[in-house]
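K.L.:
Next up is a structure, given as structure tokens.
Numbering (the numbering used here), first residue to last: 14 to 306.
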């Protein structure tokens, strides 16, 4: 099926993807940073946090509780449906304060909460589940193992798959993702989509690589956004039941390709106050007008 989708006319793909998306509710998700500290050694060669840390003396720090509360209350006011707690990789077991932060979020607002901490042990996932976490996001990152090892030399692909399987077996919803534009082939993308579908994930993000200053990959040319949007459409047709997420900054492309979720909610195009109204209206117009190109 996937090979034939890659051969299909783009306008046909977008039309079919939009028809699938019409049946899906809109989902808004916002990140809830816990800490920017990361214990992966060596660091990933494309790391956004590595890019930003030279610009801020306090960048590698734990987010204070008052910042968490402020962000939760702001998100609740803006109509967020879901938050994902995010951090650098802290190891297979999390520090105790992560569970305190999870309880703080659950006590402050009625969000669906996902974790996004990289590969974890089953015991750690059990603890998160017992504290009220509904889902877990663990990306497969690159659907080509050789590229994965080159760009994420301190990471473990197999551990990421095991984390998704364990989270699913514990009754958590699962979310996965990978990046395009780093030399992968069409067969690699097909492998990545088939793998995520076999793992039973309920949410998917396909990201475009964006070069970051101060990283090893800062000179790499990013992929063509039109070609990326076709991959989004193929994903939607192939995985009809998932919530398919794009950034609000790419909303016009993502909506045409069948996306129904937006994360991170606080984008650069729209202010926080305008985000929900702008995106709600944009999606409604796309779904009612029949726009495909």
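Every residue, glycine too, gets a C-beta built ideally from N, C-alpha and C.
Buried or exposed for residue 106, please, with buried defined as at least 16 other CB atoms from any protein chain shown within 10 angstroms of its CB.
P.N.:
Locating residue 106 in the chain shown gives position 93, where the first residue counts as 1. Looking at its Cβ environment, which holds fewer than 16 other Cβ atoms inside 10 Å, residue 106 is exposed.
K.L.:
Whose C-alpha, out of 191, 101, 164 and 111, is nearest the C-alpha of residue 230?
P.N.:
Position 217 of the chain shown, counting from 1, holds the residue named residue 230. Considering only alpha carbons, the answer is 164.
K.L.:
Three or more C-beta pairs under 8 Å: does that hold for the stretch 73-89 against the stretch 20-38?
P.N.:
No: fewer than three Cβ pairs fall under 8 Å.
K.L.:
Which two residues bound the contiguous alpha helix (DSSP H) that contains residue 182?
P.N.:
In the chain shown, the residue the question calls residue 182 occupies position 169. Its alpha helix (DSSP H) spans residues 170-182.
K.L.:
Judging by CA-CA distance, which residue of 14, 27, 17 and 196 is the nearest neighbour of residue 245?
P.N.:
For the purposes of this step, residue 245 is taken as residue 232 along the chain shown, with counting starting at 1. The shortest Cα separation from residue 245 among 14, 27, 17 and 196 belongs to 27.
K.L.:
What would DSSP say about residue 128, mapped onto helix, strand or coil?
P.N.:
Within the chain shown, residue 128 is the residue found at index 115, counting from 1. In this structure, residue 128 counts as strand in the three-state DSSP scheme.
K.L.:
Measuring CB atoms only, is the stretch 154-170 touching the stretch 48-57, in the sense that at least three cross pairs come out at less than 8 Å?
P.N.:
They touch, by the three-pair rule.
K.L.:
Could you tell me the alpha carbon to alpha carbon distance between residue 131 and residue 30, rounded to whole angstroms?
P.N.:
Translated into positions along the chain shown, residue 131 becomes position 118. Translated into positions along the chain shown, residue 30 becomes position 17. For residue 131 and residue 30, the distance between alpha carbons rounds to 30 Å.
K.L.:
Below 8 Å on the Cβ atoms is my contact criterion, and I expect residue 187 with residue 133 to pass it. Report the Cβ-Cβ distance as a whole number of Å.
P.N.:
The sequence position of residue 187 within the chain shown is 174, counting from 1. The sequence position of residue 133 within the chain shown is 120, counting from 1. So it is not a contact: roughly 12 Å between Cβ atoms.
K.L.:
According to the neighbour-count rule (16 or more other Cβ atoms, all chains shown, within 10 Å of its Cβ), is residue 86 buried or exposed?
P.N.:
Within the chain shown, numbered from 1, the residue matching residue 86 stands at position 73. Exposed, by the Cβ-count rule.
K.L.:
Using DSSP bridges, identify the partner residues of residue 95.
P.N.:
The residue given as residue 95 occupies position 82 in the chain shown. The partner list for residue 95 (beta bridge, DSSP) reads 42 and 125.
K.L.:
Under three-state DSSP, which class holds residue 27?
P.N.:
Along the chain shown, one-based indexing puts residue 27 at 14. Note: residue 27 maps to helix in three-state DSSP.
K.L.:
Would you say the stretch 253-266 touches the stretch 198-218, given that touching needs at least three Cβ pairs under 8 Å?
P.N.:
Enough Cβ pairs lie closer than 8 Å, so yes.
K.L.:
For the alpha helix (DSSP H) containing residue 16, list its first residue and its last residue.
P.N.:
Position 3 of the chain shown, counted from the first residue, corresponds to residue 16. Per DSSP, residue 16 belongs to the alpha helix (DSSP H) from 15-20.
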